[in-house]
Amino acid sequence: MQVKHPYIAEISSRCDSTGPPQRLDLRLSSSGVRSLLSDEAIQAVEAIVFGLRSALKFTGKVHWDSHVVVVLPGAPEQRYHVDSSRSWFYFTLIFPLSKDPPRAGRTEFWNKERDQPSMPVERGDVLVFDGKRKHRGSANATHRHVRVFLYIAVYSGTDWN
Numbered sequence: 257m258q259v260k261h262p263y264i265a266e267i268s269s270r271c272d273s274t275g276p277p278q279r280l281d282l283r284l285s286s287s288g289v290r291s292l293l294s295d296e297a298i299q300a301v302e303a304i305v306f307g308l309r310s311a312l313k314f315t316g317k318v319h320w321d322s323h324v325v326v327v328l329p330g331a332p333e334q335r336y337h338v339d340s341s342r343s344w345f346y347f348t349l350i351f352p353l354s355k356d357p358p359r360a361g362r363t364e365f366w367n368k369e370r371d372q373p374s375m376p377v378e379r380g381d382v383l384v385f386d387g388k389r390k391h392r393g394s395a396n397a398t399h400r401h402v403r404v405f406l407y408i409a410v411y412s413g414t415d416w417n
């Protein structure tokens, strides 16, 4: 039996695994986000996104997409990937929704010499990075579900200052 949910558009893993998906990417519509998050949380997200817009002196359109990502216990590390290879600016913002130990699937960035240490981002923090930066989710070596809210802002247009 197939179960349908109005906000689930994609479930992906990006893991080198032949088993079932262990990183669930639940894509949410803007109305879905507004029904799941408090007004204060939405205002905080929008303040960061529009702060980036002001800092970049950009007046074009902002397209956004949002997800809730759940990393299941025992999920392997992801392959390194970029969130976008588009030419316009594409920012990924990660908001942890739970307090998780260091071995619980944190984001790692790649550089040519070595893996960068995972980012110690806790609930109440936000990790902002260019969507064209290579990164991955590390393995979840715990028995806990890791939950993050992922917000993607794409700035398109030709009016960069």
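Residues 257 to 417 (this note's numbering) are what the sequence shown spells out, left to right.
C-beta atoms are modelled at their ideal positions from N, C-alpha and C, and glycine is treated no differently.
With a threshold of 16 other CB atoms inside 10 Å of the CB of residue i, please say whether the residue is buried or exposed.
i: residue 299; result: exposed
i: residue 335; result: exposed
i: residue 311; result: exposed
i: residue 303; result: exposed
i: residue 330; result: exposed
i: residue 367; result: exposed
Check each candidate in the options and name the one with the smallest Cα separation from residue i.
i: residue 282; options: 397, 349, 324, 306; result: 324
i: residue 348; options: 383, 364, 329; result: 383
i: residue 332; options: 399, 301, 405; result: 399
i: residue 406; options: 368, 326, 307, 330; result: 326
i: residue 432; options: 401, 330, 364, 381; result: Limits of the chain in this structure are 257 at one end and 417 at the other, which puts residue 432 out of reach.
At the level of alpha carbons, what is the spacing between residue i and residue j?
i: residue 346; j: residue 408; result: 7 angstroms
i: residue 279; j: residue 328; result: 6 angstroms
i: residue 306; j: residue 338; result: 23 angstroms
i: residue 379; j: residue 401; result: 14 angstroms
i: residue 397; j: residue 381; result: 22 angstroms
i: residue 354; j: residue 404; result: 7 angstroms
i: residue 296; j: residue 392; result: 29 angstroms
i: residue 301; j: residue 351; result: 9 angstroms
i: residue 308; j: residue 340; result: 18 angstroms
Measure the beta-carbon distance from residue i to residue j and round it to whole angstroms, keeping in mind my assumption that it falls under 8 angstroms.
i: residue 377; j: residue 362; result: 7 angstroms
### Query
Is it true that the region 381 to 401 meets the region 315 to 324, where meeting means three or more beta-carbon pairs spaced less than 8 angstroms apart?
no
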